[in-house]
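Going by my numbering, 182 is the number at position 174 of the sequence shown; the sequence numbering is gapless.
Here a beta-carbon is modelled for each residue, glycine too, at the ideal position from N, C-alpha and C.
Since we're looking at a predicted model, the values are computed, not measured.
Beneath this line is the structure, given in structure tokens, with notes to follow.
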Amino acid sequence: MLKLTTPKNNYMKRLLLISTIILLFTYSLSAQENTSKFRIGLTTSLVENLSDDTIEFNQYEGLSTDYDKTNYRLGVTLEYELGIKSSLNTAIKYSNMDFTSTIYCEVCDFVVAPSPQDADLSFIEVPVTLKYYFLQNTLRPFAEVGVTNLFILKEDIVTNSYALSATIGGGLEYAITEKTALQVAVDYNQGVTNIFKESDYKLKTLAFGIGVMVGI
């Protein structure tokens, strides 16, 4: 069984620590301005894994994949207004990319055929994106582009500790009050660097999410 996650206590402590640092930094900056340009929010997404059907470790060996698991992403987001219609965005999110894997070997003579096993991948995601709002109404469509830093939580030597992906997305924002807004969004992530040390396997994901933003 391919296990690539750390104990929950460890990564939750890391997530809490990083989130606290961001909140304190944001509060310090916003306190220096009469009108804050910062918004903070909570977001959650369902994630569909669109990655390759195989993870090749060499010419003859690897894993076949079945993306049959329910994956998700959740975390805290931070937005800084650059202009009337543009903003710089970052976040701290936990995500999982679990799937079912089966070992294959074209030169092996298995007495018993390998059985499918659960493969557990989890990450701390730190995206950095530019967002553009097309309108200044109660309902605002937006687009965003940037990169996502993936810090892999694992107990396995076959994975890298860090991966990078390119991010593009868009959505709609609805202003509930002057300082509170609801967002629905979709984003596509294309891996730039490899997840595994001995494979060129890169993550490709499509996520559908919802979140709440609040001015601070």
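Exposed or buried, residue 219, counting other C-beta atoms within 10 Å across all chains shown (16 or more means buried)?
Buried, since its Cβ has 16 or more Cβ neighbours within 10 Å.
Considering only the beta carbon of each residue, do residue 202 and residue 168 sit closer than 8 Å?
In contact: residue 202 and residue 168 (Cβ atoms closer than 8 Å).
Which same chain residues, not among the five before or five after residue 141, have their C-beta less than 6 Å away from its C-beta?
Non-local beta-carbon contacts of residue 141 in its own chain, meaning distances under 6 Å to residues more than five positions away in sequence, involve 93, 148 and 150 in chain order.
Which residue from 134, 159, 107 and 85 puts its Cα closest to that of residue 124?
Closest by alpha carbon: 107.
At what residues does the beta strand (DSSP E) containing residue 130 begin and finish?
For residue 130, the uninterrupted beta strand (DSSP E) segment begins and ends at 125-141.
Pick helix, strand or coil for residue 120, following the three-state DSSP scheme.
Here residue 120 carries a coil assignment [DSSP, helix/strand/coil].
When you compare the CB positions of residue 109 and residue 52, do they come within less than 8 Å of one another, or not?
Pairing residue 109 with residue 52 gives a Cβ-Cβ distance that is not under 8 Å.
Using alpha carbons as the reference points, say which of 171, 216, 187 and 145 lies closest to residue 179.
The option with the nearest alpha carbon to residue 179 is 216.
If residue 7 and residue 85 are in contact, beta carbons under 8 Å, what's the gap, nearest whole angstrom?
Look at the range of the chain in this structure, 9 to 224, and you will see that residue 7 is not part of it.
To the nearest angstrom, how far is it from the Cα of residue 82 to the Cα of residue 117?
The alpha-carbon atoms of residue 82 and residue 117 are separated by roughly 43 Å.
Cβ-Cβ separation, residue 56 to residue 113 (assumed contact under 8 Å), whole Å
Wrong, their Cβ atoms sit about 29 Å apart, outside the cutoff.
Could you name the residues that DSSP lists as bridge partners for residue 97?
87 and 137.
Measure how close the beta-carbons of residue 175 and residue 146 come, nearest whole angstrom, since I'm counting them as under 8 Å.
No, residue 175 and residue 146 are not in contact; Cβ-Cβ is about 27 Å, not under 8 Å.
Residue 153 versus residue 71: straight-line alpha-carbon distance, rounded
The C-alpha of residue 153 lies about 32 Å from the C-alpha of residue 71.
Option nearest residue 5 by Cα separation, candidates 222, 44, 115 and 75:
Residue 5 lies beyond the residue range present for the chain, which begins at 9 and ends at 224; the question has no answer from this structure.
Proximal residues to residue 88 (C-beta, below 7 Å), its chain only, five neighbours per side dropped:
Taking C-beta separations shorter than 7 Å and ignoring five residues to either side along the sequence, the partners of residue 88 in its chain run 45, 46, 95 and 96, following chain order.
8 Å Cβ cutoff met for residue 90 and residue 130:
Not closer than 8 Å, so no.
Name the DSSP beta bridge partners of residue 146, please?
In the DSSP assignment, residue 146 forms no beta bridge with any residue.
Mind checking who residue 48 pairs with in its DSSP beta bridge?
In DSSP, residue 48 forms a bridge with 86 and 222.
Going by beta carbon distance, what residues of the same chain come within less than 8 Å of residue 64, once the five residues before and after it are set aside?
Hits under 8 Å: 70, 207, 208 and 209.
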